[in-house]
Structure formats: structure tokens, C-alpha cells
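To start, the structure under review is shown below, and the notes come after it.
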Amino acid sequence: MPWLSATPVLSRALSSNASLGDVASVLEADPPLAIEVLPLAARAPRVDGRLRSLQQAVNLIGVSRIQALLQARGRQNMAPQPEAAALSVQAMETSRLATRLVTAWAFQKHTVDLDHLLWATWLMGVTRWKLPWVDAPACQRIASRVAAGERRSAVERDELGCDVDALNAWHLQDLGLGDASELSQAYRLSSPQMAQAARLGWTHDFPPEVPPALARNLHRPTTGCALAYALALETEQGWYGQRLQHLLAVASAHLVQPVARVRQQAIGQALDLARAPRAGWSATATAEKLLWPAAPPQRAVLASRAAKAAPAPRPPEQRVCPPGFLERCTRADFKDLGSLLRAAQHALSDELGFGRHALFLRQGSTGRLVCHLAHGLEVNQPLKSMGFAWADHPITDKLMAHPAASLWVRPEQVPAARARLPDPIPQWPSDGGMVLLTVAVNGQPAGLWWVTAAPDQSPLDERRLQALRRLVQAFGVELTRQMRLRQRSAGTA
285 MPWLSATPVL SRALSSNASL GDVASVLEAD PPLAIEVLPL AARAPRVDGR LRSLQQAVNL
345 IGVSRIQALL QARGRQNMAP QPEAAALSVQ AMETSRLATR LVTAWAFQKH TVDLDHLLWA
405 TWLMGVTRWK LPWVDAPACQ RIASRVAAGE RRSAVERDEL GCDVDALNAW HLQDLGLGDA
465 SELSQAYRLS SPQMAQAARL GWTHDFPPEV PPALARNLHR PTTGCALAYA LALETEQGWY
525 GQRLQHLLAV ASAHLVQPVA RVRQQAIGQA LDLARAPRAG WSATATAEKL LWPAAPPQRA
585 VLASRAAKAA PAPRPPEQRV CPPGFLERCT RADFKDLGSL LRAAQHALSD ELGFGRHALF
645 LRQGSTGRLV CHLAHGLEVN QPLKSMGFAW ADHPITDKLM AHPAASLWVR PEQVPAARAR
705 LPDPIPQWPS DGGMVLLTVA VNGQPAGLWW VTAAPDQSPL DERRLQALRR LVQAFGVELT
765 RQMRLRQRSA GTA
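Last residue of the sequence shown: 777 (the working numbering), numbering continuous.
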């Protein structure tokens with residue numbers, strides 16, 4: 285992403301006498317620039333992806349390495365893509381409001397680890413900052429439909445084919461900033477918990493009593509990060525909608541403060557943000573929407589009907605990702621390895637349209653991969669009797685060298701690839717092309733998916749390949765969790 289900081293500001297960070305404080309202040313004011321630095325610190329051995337704050341990252345890397353990064357990366361200008369720039373900066377403005385709410389709430393709850401909460405809140409918006417640079421028209425349609433009264437999560441799923449918050453967790457995992465399932469579970473309440481907490485908003489003389497089972501998650505400090513970001517997102521639609529009132533009630537239960545006080549505080553933070561100076565591009569202040577009248581109740585329904593009637597529905601294979609399987613992985617919704625494998629098989633064949641696929645996983649500490657699943661293929665022997673040493677074959681050796689590797693073999697490349705692949709893969713029909721993707725467990729290569737379309741299914745294209753990569757990445761996250769559960773069970777047996 286292009287950076288926000290003006291040249292004089294960057295010069296201060298690049299000066300020979302710049303201190304850690306100087307560099308940290310520049311990064312705090314420029315989130316896209318900070319996102320360049322955080323992955324470097326996350327890869328440090330003693331951090332291992334458990335980065336707590338931006339200040340920790342600056343301390344780990346040091347001034348000289350950050351300056352070298354700035355000089356090597358250069359500075360891109362936002363001006364050549366003004367529409368994308370405006371949408372991206374507006375998304376950052378929403379994150380700014382969320383961090384202000386988190387700061388105010390942390391002081392009320394006497395939270396000691398404020399730096400961690402602030403940067404956890406910032407990171408929740410990274411994907412929405414970047415999406416305009418990938419597909420500005422889609423982001424513009426999302427903004428228009430949300431302003432018309434439609435619910436953001438439903439609009440994003442309709443326009444992009446996936447849940448953006450789940451996508452953000454996977455993207456942060458790609459950057460080395462944590463495990464996708466942990467990033468989702470540590471900050472968000474489930475839908476039933478949100479509904480229960482909303483009924484416990486403080487509207488009378490005394491706060492309602494919160495059941496202990498709900499209190500454990502509701503009162504943890506990290507829950508406030510997700511609530512603040514969700515509330516800030518909802519203000520893009522206005523300050524008087526039913527969904528915003530729902531979130532204010534949940535925040536009231538989280539803070540043990542009256543709903544009216546929570547609302548007043550949110551408005552105060554929005555007004556303070558509107559008056560605060562900004563680096564580089566300006567954005568529409570969310571406080572401006574305090575002057576917008578409340579939308580009529582029918583408005584969202586009519587807008588939704590119009591949006592559904594206008595465009596023709598996209599065919600299933602054009603979806604960016606299979607939401608059912610990915611959401612279940614994010615929620616850690618599988619009770620055992622068998623249910624995970626069955627769901628992955630269903631997602632590949634029915635949701636993505638890949639009727640033939642097989643899964644090979646590493647056999648203990650050996651250098652062999654063994655087949656654990658085969659679908660749509662003629663197999664005349666026990667699955668686990670089919671295996672191979674990946675290092676003996678050039679293609680599998682290269683794939684197993686990287687935890688996120690993939691290879692798309694196009695139809696004209698199939699004959700040459702078969703000569704370099706281990707049995708039984710060359711024997712399986714793949715005249716329409718095939719894909720091999722590495723499965724990562726604990727961030728290390730642990731297996732391979734082999735995938736191809738059946739003769740009566742649509743051929744592979746770039747869009748479906750991206751969906752396939754996301755599915756395999758989510759599968760690896762959940763497989764990691766299942767392996768950890770098995771280890772714990774074995775340790776307690």
C-alpha cells in the first residue's frame with residue numbers, strides 16, 4: 285500500500301539521529317507504513333508470530349533496519365489512483381475511531397496492556413484498507429449499498445463472495461502476525477453470545493447480572509477491540525440504525541456502563557477525531573453522519589431487493605471462496621479429524637467444483653507422504669498403501685520446501701508433469717489440468733492436496749485457483765488445531 289506520510293515526516297524517521305521514539309511516532313501515524321514493519325519483527329525467533337504491539341516491533345528491529353526498509357521500499361504516491369486512495373483512507377478513518385474507543389474503554393477498565401489492544405484493533409482493518417487497491421469498483425459498490433441501509437457483512441459476502449473479517453485473519457496469518465483461528469476466537473463473541481449480551485445492556489438503575497459462562501468472554505479486554513471496530517464500521521451507515529443500538533448495548537454489558545453513557549462517549553470520540561490533524565489524505569469524518577436523519581425502516585429492505593433484482597446471480601464456481609467451510613474453520617467447528625476431512629471433501633467437490641482430489645499427509649517424522657483421502661478416483665488398494673518419498677521427485681520436493689506453495693499444471697503441461705510426479709498421481713485422469721498445493725501444519729509443510737476438475741465440470745481459472753488456495757490454507761489452520769488436540773489428549777491419557 286502507498287504510505288500516508290509526507291516527505292518531511294519520513295525524513296525525520298530517516299535522519300541519522302532519529303531515536304526509537306521518533307520512528308515509532310511516524311509509524312503510529314501511518315498504518316500502511318507500520319504494516320511493512322510488523323512482519324519483520326514477527327519473524328524474530330523469540331517472537332514466533334506472537335507480536336504484542338508496534339512498540340515491541342520497533343524495539344526488536346531497531347532504527348537502522350527500519351530505515352533500511354524505508355529506503356529500499358521507496359514511497360509510492362496515492363495520486364495516480366485517487367478513487368482507491370479515498371476508499372482506503374476512509375477505511376483507515378474507521379480504524380482510527382475504533383482505536384480511540386479502545387483507548388477510552390481501556391482507561392475505564394484500568395487495562396494495563398493498552399499498546400497490545402490498540403494494535404490488535406488496527407490490524408482488524410488491514411484487509412479493508414487494502415481491498416480498494418485490488419478492486420476499487422467493488423469497494424465503491426459496497427460503500428454505496430451500506431450507505432443505503434444494507435448490512436455490511438451481507439453486502440461484502442455478496443460482492444466478494446467471502447467474509448472479510450475471516451479473510452483478514454488469514455491475511456494476518458500470511459504476514460506472520462498470528463494463527464488465523466486464534467485471531468478470530470480471541471477477539472470475537474459468537475452470534476448467540478452477542479445476542480445474549482445485547483439483552484444485558486444497562487438501561488435502568490442497576491446493571492443486569494451477567495451469567496458466568498458469558499462473562500468469561502464478554503469481559504476479557506480483547507473483546508473490546510472487536511466491539512469497538514464493529515461499532516466504528518456501523519457508524520459508516522449512520523448513528524441511528526438498529527444494528528448500532530445493538531452494538532452499543534453489547535458494549536454497555538462489556539464495560540458495565542449505562543448504554544446512554546457508552547453512546548455519549550462514542551459520539552465524543554467521533555467529534556474529537558473530526559477535529560484531529562491527519563497525515564496526507566483526508567477522509568470524511570464519521571461525526572458528520574450525526575447530522576444524517578435516521579433511515580426509514582423499509583429503506584434497507586427496498587435497497588436489498590433492488591440490488592438482488594438488478595444483477596444476474598453469479599454461477600457457483602465464480603465465488604471467491606466457499607464460505608461454509610472457511611467459516612467453520614475460523615470458528616474451529618470440527619469435533620475431530622474425520623469431520624474435517626469430510627467437510628473439506630464436500631467443499632472441494634460441491635462448493636468449488638473439483639470432482640477429483642486426493643490428500644497426502646506426512647507419515648510421522650519420515651520423508652514420506654501417505655494418501656489419506658481420495659475422491660472421484662478409481663482406487664483398487666488401501667489408501668495408506670499409496671505413498672511416496674517427496675524428495676525423490678523434483679516437483680514434490682520443491683512444493684514441500686515451502687508451507688504455502690502451489691503449482692497449477694495447465695492442460696498442455698500435463699504430459700511433462702506426469703513424468704516428474706510420483707505414483708499414483710500420473711495414473712489419475714487430469715487431461716484438463718491439475719493443481720498441487722502444500723498443506724501447512726504449525727507453519728511447516730506437512731502434506732499435499734492434488735486437485736482436478738471432473739470432465740463435466742468447469743475448467744480451472746485464476747479465480748477458482750485463488751479460492752482453492754484459501755480453502756487449503758484454512759484447512760491447514762484447522763488441521764493444526766486438530767493435531768494439537770490429539771497431542772493434548774495423548775498427553776493426558
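Using N, Cα and C, we set each Cβ at its ideal position, and we do this for glycine too.
Here's a check: name, in chain order, each residue in its chain whose Cβ is nearer than 6 Å to the Cβ of residue i, leaving out the five neighbours to either side.
i: V723; result: A730, G731, G760
i: T395; result: P505
i: I345; result: L324, A325
i: A628; result: F759
i: L528; result: E518
i: P542; result: W486
i: S437; result: none
i: S303; result: none
i: E696; result: none
i: L657; result: L625, L643
Count the other CB atoms within 10 Å of the CB of residue i; is the residue buried (16 or more) or exposed (fewer)?
i: A560; result: exposed
i: R472; result: buried
i: G305; result: exposed
i: V430; result: buried
i: F644; result: buried
i: A369; result: buried
i: G508; result: buried
i: G552; result: exposed
i: R768; result: exposed
i: A596; result: In this prediction, A596 has a pLDDT of 47, which is less than 50 and means its spatial position is unreliable; what the coordinates show is noted afterwards. Under this definition A596 is an exposed residue.
i: P416; result: buried
i: T650; result: exposed
i: E443; result: buried
i: H686; result: exposed
i: H400; result: buried
i: T568; result: exposed
i: Q728; result: exposed
i: A479; result: exposed
i: A533; result: buried
Residue j and residue i - do their beta-carbons sit closer together than 8 Å?
i: V756; j: W733; result: yes
i: L398; j: T387; result: yes
i: L636; j: L749; result: no
i: G671; j: R652; result: yes
i: Q521; j: G433; result: yes
i: Q766; j: L610; result: no
i: S372; j: W413; result: yes
i: P421; j: M376; result: no
i: M338; j: L381; result: Reading off the sequence shown, one finds Leu at residue 338, where the question assumed Met. In this structure, L381 does not lie closer than 8 Å to L338 by Cβ.
i: A616; j: E762; result: yes
i: A703; j: V693; result: no
i: A558; j: V546; result: no
i: P496; j: V540; result: no
i: L720; j: L691; result: yes
Keeping to the same chain, check which residues put their C-beta closer than 7 Å to that of residue i; ignore five residues upstream and five downstream.
i: N452; result: M408, V410, T411
i: R772; result: none
i: L531; result: L511, A514, L515, E518
i: H455; result: V410, T411
i: Q549; result: A388
i: V448; result: T411, R412, E440
i: W674; result: G651, L653, T680, D681, M684
For residue i, tell me which candidate among the options has the shortest Cα-Cα distance.
i: H538; options: A390, P366, V439; result: A390
i: G716; options: N726, R702, P710, A738; result: A738
i: L281; options: T680, L322, W413, A514; result: What is shown of the chain runs 285 to 777, which leaves residue 281 out entirely.
i: G608; options: D489, Q541, G445; result: G445
i: S714; options: P699, Q728, N726; result: P699
i: L459; options: L322, L311, W406; result: L322
i: S299; options: L354, L385, S337; result: L354
i: M718; options: A616, Q711, L744, S437; result: L744
i: G525; options: D442, V725, K573; result: K573
i: Q351; options: T405, V534, R296, L461; result: R296
i: E662; options: A631, Q711, F618; result: Q711
i: A554; options: S379, E746, E367, N343; result: S379
i: N664; options: P708, K682, Q340; result: P708
i: A313; options: N301, P366, W406; result: W406
i: G622; options: P366, R770, D740, I319; result: R770
Any beta-carbon of chain C closer than 8 Å to the one on residue i?
i: E518; result: Judged by its chain identifiers, the structure shown contains no chain C, having just a single protein chain.
Short of 8 Å in beta carbon distance, which residues of its chain neighbour residue i, apart from the five on each side in sequence? Order them along the chain.
i: Q477; result: L498, N501, L502
i: S633; result: G639, H641, H659, G660
i: A308; result: L338, Q339, V342
i: D676; result: P706
Q. Which ranges would you report for the beta strand (DSSP E) in the stretch 524-550 if only whole runs of at least 3 residues count?
A. Taking only runs of at least 3 residues, no beta strand (DSSP E) segment lies wholly in the stretch 524-550.
Q) Which runs of the alpha helix (DSSP H) spanning at least 4 residues fall entirely within the stretch 488-525, listed in chain order? A) 496-502, 505-518
**Q.** Ordered list of alpha helix (DSSP H) runs contained in the stretch 407-491, each at least 4 residues
**A.** 410-418, 420-431, 436-444, 448-458, 464-469, 475-482
Q: Please go through the stretch 633-709 and give each complete beta strand (DSSP E) segment of 3 or more residues, from N-terminal end onward.
A: 640-646, 652-659, 671-673, 690-693
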